[in-house]
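Asker:
There are 2 protein chains.
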Amino acid sequence: MPELAFEDFTPGRVFDLGTVTANREEMIEFARRYDPQPFHLDEEAGRNSVLGGLCASGWYTSCLWMRAFYDEVLSKSTSQGSPGGTEFGWPRPMFPGDVVRATAEVVSARESRSRPGLGLVEMRAQMLRDDDVLFRSQFTGMFAKRGA
Amino acid sequence: MPELAFEDFTPGRVFDLGTVTANREEMIEFARRYDPQPFHLDEEAGRNSVLGGLCASGWYTSCLWMRAFYDEVLSKSTSQGSPGGTEFGWPRPMFPGDVVRATAEVVSARESRSRPGLGLVEMRAQMLRDDDVLFRSQFTGMFAKRGA
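If you read the sequences in order, they're chains A and B. Quick note, the first sequence lines up with residues -10 to 137 if you use our numbering. Quick note, the second sequence lines up with residues -10 to 137 if you use our numbering.
1) Which runs of the alpha helix (DSSP H) spanning at least 4 residues fall entirely within the region 28 to 86 of chain A, listed in chain order?
2) Listing by chain order, which chain B residues have their CB less than 7 Å from the CB of Arg13(A)?
3) Determine whether the Cβ of Arg99(B) lies closer than 7 Å to any Cβ atom of chain A.
4) Would you mind telling me which residues of chain A sit closer than 8 Å to Asp24(B), beta carbon to beta carbon, in chain order?
5) Who are the Cβ neighbours of Phe(-2)(A) in its own chain at under 7 Å, not counting the five residues just before and after it?
6) Whole angstroms are fine: how far does the CA of Gln26(B) sit from the CA of Thr10(A)?
7) Any residues in the region 63 to 76 of chain A with a beta carbon nearer than 7 Å to a beta carbon of chain B? Which ones, in chain order?
8) Would you say Leu40(B) faces chain A, with C-beta separation under 7 Å as the test?
9) Could you check which residue in Leu63(A), Glu15(A), Gly106(A), Ser38(A) has the C-alpha nearest to that of Pro(-9)(A)?
10) On a CA-only basis, which of Glu(-4)(B), Ser51(B), Ala(-6)(B) is nearest Ser126(B)? Give me that one, please.
11) Give the single residue among Glu100(A), Ser103(A), Gly7(A), Gln115(A) whose Cα lies nearest to the Cα of Gly47(A).
12) Would the beta-carbon of Glu(-4)(B) fall within 7 Å of that of Arg135(B)?
13) Are Leu40(A) and Phe58(A) touching if we call contact CB-CB under 7 Å?
14) Quick check on the DSSP output: the alpha helix (DSSP H) that includes Ala20(A) runs from which residue to which?
15) Could you check what DSSP says for Phe(-2)(A) in three-state terms: helix, strand or coil?
16) Using a Cβ-Cβ distance under 7 Å, would Gly78(A) count as near chain B?
17) Taking all protein chains shown into account, decide if Asp24(B) is buried (16 or more other Cβ within 10 angstroms of its Cβ) or exposed.
18) Reducing DSSP to helix, strand and coil, say where Gln26(A) ends up.
19) Considering Cα atoms alone, identify which of Glu33(A), Val89(A), Phe4(A), Leu43(A) is closest to Ile17(A).
20) Would you mind telling me which residues of chain A sit closer than 7 Å to Phe138(B), beta carbon to beta carbon, in chain order?
21) Tell me, please, which residues DSSP counts as bridged to Glu(-8)(B).
22) DSSP on Asp119(B), reduced to helix/strand/coil?
23) Going straight from the alpha carbon of Pro85(A) to that of Asn12(A), what length do you get?
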């Protein structure tokens, strides 16, 4: 049985997901494939944009959070995926070399009405560079109950 | 001047982003790096999960939509990125080989109060396999005004 089942996601619990460093090469490679807007690929285009410099695609920032969440929470849990969420945002851009701290907080939890054995956990994701929020989201995680 | 400036994003306008095919190898490679939950990596783990089979990470599904949006809209526009959105979801899983149709619809548009020359466009994203919704989102896009 994994360490974390539905019952362990109690409202208010905060998971520290550690720090992540934004790797310049990977950031650009990701953008080239999925989001090749000039300010995600090129220094000068970044400086000339609203974003102020070459910066990560928001999807890349999200994916870095996701991997930290997998490493510290999902990999030790009864996770059954996610149907989505109600908020996602990148209030400040992530730049190459940024060292960011990732967290996940339990907002609320309830049993699934349609699937016995499954629980729905509302969570708040955040990624910070010092006090700047680079990523935040509120979403639902599905977790099997203990012994289900 | 790009073909699409803020003024071209009129409420109700729908952009057909064409079809995308979910590539099995890329889907698994993406999951291995960013979201290595067993049902995103392995057939049997997928069959034994709520999801019913080996399926894409929702982040991968989102990224495929993003690339189609870039190709058909952003690359021809005055896009200045996105601060985020109010909804994202994957009502049904995406399986390897799925052929999906992507669209983007303008919900509303307004001028930025803090940045003259910039407009904020509320958009609805969708990706469909026949009538099944595999991805949907509502988010804000930032676009420079014509001649700004």
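We put the beta carbon where it would ideally sit given N, CA and C, even for glycine. It should be emphasised that the depicted structure is a prediction, and the values quoted were computed from it without experimental measurement.
Answerer: According to the structure shown:
1) Listed in chain order, they are 32 to 36, 47 to 61.
2) In the first sequence, residue 13(A) corresponds to position 24, counting from 1. What Arg13(A) touches in chain B: nothing, since even the nearest Cβ is about 16 Å away.
3) Numbered from 1 along the second sequence, position 110 holds the residue referred to as residue 99(B). For Arg99(B), no CB of chain A lies under 7 Å from its own CB, so it is not counted at the interface with that chain.
4) Here residue 24(B) corresponds to residue number 35 of the second sequence, with the count starting at 1. Under the 8 Å cutoff, chain A gives Cys52, Met55, Arg56, Tyr59.
5) If you number the first sequence from 1, residue -2(A) lands on position 9. Taken in chain order, the residues that qualify are Val95, Ala98, Val110, Phe132.
6) Translated into the one-based positions of the first sequence, residue 10(A) becomes position 21. Translated into the one-based positions of the second sequence, residue 26(B) becomes position 37. In a straight line, the C-alpha of Thr10(A) is about 22 Å away from that of Gln26(B).
7) Here the close residues are Leu63, Ser68, Gln69, Gly70, Ser71, Pro72, Gly73, Gly74, Thr75, Glu76.
8) Locating residue 40(B) in the second sequence gives position 51, counting from the first residue. Contact of Leu40(B) with chain A is assigned, a C-beta pair being separated by under 7 Å.
9) What you label residue -9(A) is simply residue 2 of the first sequence in a count that begins at 1. The shortest C-alpha separation from Pro(-9)(A) is found at Leu63(A).
10) The count along the second sequence starts at 1 and reaches residue 126(B) at position 137. Per the Cα distances, Ser51(B).
11) Residue numbering aside, residue 47(A) sits at position 58 when the first sequence is read from its first letter. It is Gln115(A) whose Cα lies nearest to the Cα of Gly47(A).
12) Position 7 of the second sequence, counted from the start, is the residue given in the question as residue -4(B). Position 146 of the second sequence, counted from the start, is the residue given in the question as residue 135(B). Arg135(B) is positioned such that its CB atom lies closer than 7 Å to that of Glu(-4)(B).
13) For the purposes of this step, residue 40(A) is taken as the residue at position 51 of the first sequence. For the purposes of this step, residue 58(A) is taken as the residue at position 69 of the first sequence. No.
14) In the first sequence, residue 20(A) corresponds to position 31, counting from 1. 13 to 23 is the span of the alpha helix (DSSP H), which, as asked, contains Ala20(A).
15) Walking along the first sequence from the start, residue -2(A) turns up at place 9. Phe(-2)(A): coil per DSSP, three-state reduction.
16) Indexing the first sequence from 1 puts residue 78(A) at position 89. At a cut-off of 7 Å between beta-carbon atoms, Gly78(A) makes contact with chain B.
17) In the second sequence, the residue the question calls residue 24(B) occupies position 35. So Asp24(B) counts as buried.
18) By 1-based counting over the first sequence, the position of residue 26(A) is 37. Coil at Gln26(A), not helix or strand.
19) Counting from 1 along the first sequence, the entry for residue 17(A) is found at position 28. Comparing Cα-Cα distances from Ile17(A) to each of Glu33(A), Val89(A), Phe4(A), Leu43(A), the minimum goes to Leu43(A).
20) Since the first and last residues shown for chain B are -10 and 137, residue 138(B) lies out of range.
21) Locating residue -8(B) in the second sequence gives position 3, counting from the first residue. In DSSP, Glu(-8)(B) forms no bridge with anything.
22) Position 130 of the second sequence, counted from the first residue, corresponds to residue 119(B). Here DSSP, grouped into helix, strand and coil, assigns Asp119(B) to coil.
23) On the first sequence, position 96 is the one that residue 85(A) refers to. On the first sequence, position 23 is the one that residue 12(A) refers to. So the two alpha carbons sit approximately 6 Å from each other.
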